[in-house]
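Engineer: Please find one structure pasted underneath; my questions will follow.
Number of protein chains: 2
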Amino acid sequence: MQAANSSSDSSVDTAIDLEGFLPYRLSVLSNMVSSAIAGAYSERFGLTIPEWRIIAVLGRFPGLSAREVADKTAMDKVAVSRAVSRLRGAQLLHHATAPQDRRRSILSLSEKGRALLGQVAPLALDYEARLLDGFSVADRQRLAVALLKLQERAREIGPLQESQAPSSVRTE
Amino acid sequence: MQAANSSSDSSVDTAIDLEGFLPYRLSVLSNMVSSAIAGAYSERFGLTIPEWRIIAVLGRFPGLSAREVADKTAMDKVAVSRAVSRLRGAQLLHHATAPQDRRRSILSLSEKGRALLGQVAPLALDYEARLLDGFSVADRQRLAVALLKLQERAREIGPLQESQAPSSVRTE
DNA sequence: AATAAATAGTTGCAATTGCAACAATTATAG
DNA sequence: CTATAATTGTTGCAATTGCAACTATTTATT
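Going line by line, the protein sequences match chains A and B.
Residue numbers in the first sequence follow my numbering, run continuously in steps of one, and reach 182 at the last position.
Residue numbers in the second sequence follow my numbering, run continuously in steps of one, and reach 182 at the last position.
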């Protein structure tokens, strides 16, 4: 059919086994886990995952600023801002302005927020435990190490270096 | 990191170590990897991740219907429908109606689509290789097994309803 | 001190996504 | 055969998100 087929013979020399492709595996698994958890949280407590994350991190590190929360939770600062605003509206956390730097906020759980955390945390930990059911202690350790290592590698590699794009694409 | 100054909190013995919480680790890692890849694809080829996935799976399994693509890629059928529409617009894939069941579509890469796959696939595989750099063969094997096992567990646990589901949960 | 640069957080707007309703077609029941 | 149910794919609408511009405050430069 095709004349002068420059690089490849038929269709499948470049085929990717999507099922075995690590980024794909991670994405599928993460989406399954996240949506399972998100469903339970929203159904039972009216919480989104960003909201839940903020509650969790403030339960452990009270007094963080929005920026620090964003750093610790790996969330966008806009997402933090909006989730904090909702949580304040629901009176789940307190918000103050740092006296020595009035740009910064000081966030901490309210009594109500701590009570909610007390309900949500066991659920979360139970889900994790069920996920890991069947994993030995050594397996869990290896998994944790591997995930951290991958994260470190991903951080190093970063935005996937841009060479000069061959501009073979539609601009726009 | 630094030691938590947890001594003063009165009622939070339920604090979660977000950093060690598996669903959180998975989400952070998956987001890092996905956005790195998405950035490169969109920059170089004008592809979104859903579009790239469809191309990848059709490269390997030509002739699938939209439904089958959705199943294989773990994407929502709406996302598939829209991505297919864009890809058709860019003439990257062919679309036909199945003769024996005119509801079904028959999707396959166009010549242009195969050429694009030929460019994208090495990039994707290279990124994966760099991610896994430093992992022994045995480590990779263990990681793959662990991720599949987790996915299987997540599928079994499902939408996280009550902890113990009464014997018959199926609503079919 | 005055101006410029940097940082924290918010808001507007556009693009993406998810859910549900829908039309078209095929399968099943009576 | 007809009516009903189920399945495939698309579309409309609302909610979410991401990016950039913006305000307010602090730090750095001259």
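Note that beta-carbon positions come from the ideal geometry of N, C-alpha and C, so glycine has one too.
Because the structure is a prediction, the values reported are computed rather than measured.
Within the continuous alpha helix (DSSP H) that includes A/S91, where are the two ends?
Structural biologist: K87 to G99 is the span of the alpha helix (DSSP H), which, as asked, contains A/S91.
Engineer: Can you pull the DSSP bridge partners for A/A106?
Structural biologist: DSSP lists A/I116 as partners of A/A106.
Engineer: Alpha carbon to alpha carbon, how far is B/A100 from B/A76? Give it in angstroms, no decimals.
Structural biologist: Approximately 17 Å between the Cα atoms of the pair.
Engineer: In this structure, what does DSSP give as the bridge partners for B/L74?
Structural biologist: BP columns for B/L74 point to B/L117.
Engineer: Can you check whether the C-beta of B/D86 is within less than 8 Å of a C-beta belonging to chain A?
Structural biologist: No, B/D86 lies away from the interface with chain A (no Cβ there is under 8 Å from its Cβ).
Engineer: Please list, in chain order, the residues of the stretch 120 to 147 of chain A that have any C-beta partner in chain B closer than 9 Å.
Structural biologist: Against chain B - using a Cβ distance shorter than 9 Å - the residues of the stretch 120 to 147 of chain A are E121, R124, A125, L127, G128, Q129, V130, A131, P132, L133, A134, L135, D136, Y137, E138, R140, L141, L142, D143, G144 and F145.
Engineer: Below 8 Å on the Cβ atoms is my guess for A/A25 versus B/G69; work out the distance and round it to an integer in Å.
Structural biologist: With 8 Å as the limit, A/A25 and B/G69 qualify as a contact, their Cβ atoms being about 5 Å apart.
Engineer: Can you have a look at A/P132 and say buried or exposed, based on whether 16 or more other CB atoms are within 10 angstroms of its CB?
Structural biologist: It counts as exposed.
Engineer: Quick check on A/D149 - is its C-beta less than 8 Å from some C-beta in chain B?
Structural biologist: It does: the Cβ of A/D149 has a partner Cβ on chain B nearer than 8 Å.
Engineer: Rank B/V155, B/S95 and B/L135 by C-alpha distance to the C-alpha of A/L28 and give the top, closest one.
Structural biologist: Taking only the C-alpha atoms, the option nearest A/L28 is B/L135.
Engineer: Which residues in the same chain as A/L127 place their Cβ atom closer than 6 Å to its Cβ, once the five residues preceding and following it in sequence are excluded?
Structural biologist: The residues are I65 and G69.
Engineer: Excluding the five sequence neighbours on either side, which residues of its own chain have a C-beta within less than 8 Å of the C-beta of A/V79, listed in chain order?
Structural biologist: Within the same chain, A/V79 has close Cβ partners I64, V67, L68, M85, V90, V94 and L117.
Engineer: Please state whether DSSP places B/G168 in a helix, a strand or coil.
Structural biologist: The answer is coil: DSSP assigns B/G168 none of H, G, I, E or B.
Engineer: Between the C-alpha atoms of B/A125 and B/E138, what's the straight-line distance to the nearest angstrom?
Structural biologist: When rounded, the distance between both Cα atoms is 21 Å.
Engineer: Between the Cα of A/S37 and the Cα atoms of B/A48, B/H104 and B/L102, which residue gives the shortest distance?
Structural biologist: Among B/A48, B/H104 and B/L102, the Cα nearest to that of A/S37 is on B/A48.
Engineer: Using a Cβ-Cβ distance cut-off of 8 Å, determine whether A/T58 contacts chain B.
Structural biologist: Cβ-Cβ to chain B under 8 Å: no for A/T58.
Engineer: Within 8 Å (strictly less), CB to CB, does A/G99 reach chain B?
Structural biologist: A/G99 does not count as touching chain B.
Engineer: Using DSSP with H/G/I as helix, E/B as strand and the rest coil, what is A/F184?
Structural biologist: Any question about residue 184 of chain A goes unanswered here, given that chain A covers just 11 to 182.
Engineer: Taking 8 Å as the cut-off, does the stretch 160 to 171 of chain B touch the stretch 140 to 147 of chain A (at least 3 CB pairs, one atom from each stretch)?
Structural biologist: In short, these stretches touch, since the Cβ pair count reaches three.
Engineer: At 7 Å on the CB atoms, spell out the chain A contacts of B/Q161, in chain order.
Structural biologist: V38, L39 and M42, listed in chain order.
Engineer: Using 10 angstroms around the beta-carbon of A/V9, count the other beta-carbons present and answer buried if the total reaches 16, otherwise exposed.
Structural biologist: Outside the displayed span of chain A (11 to 182) sits residue 9 of chain A, for which this structure offers no information.
Engineer: Between the C-alpha atoms of A/L102 and B/K122, what's the straight-line distance to the nearest angstrom?
Structural biologist: Distance between the alpha carbons of A/L102 and B/K122: 54 Å.
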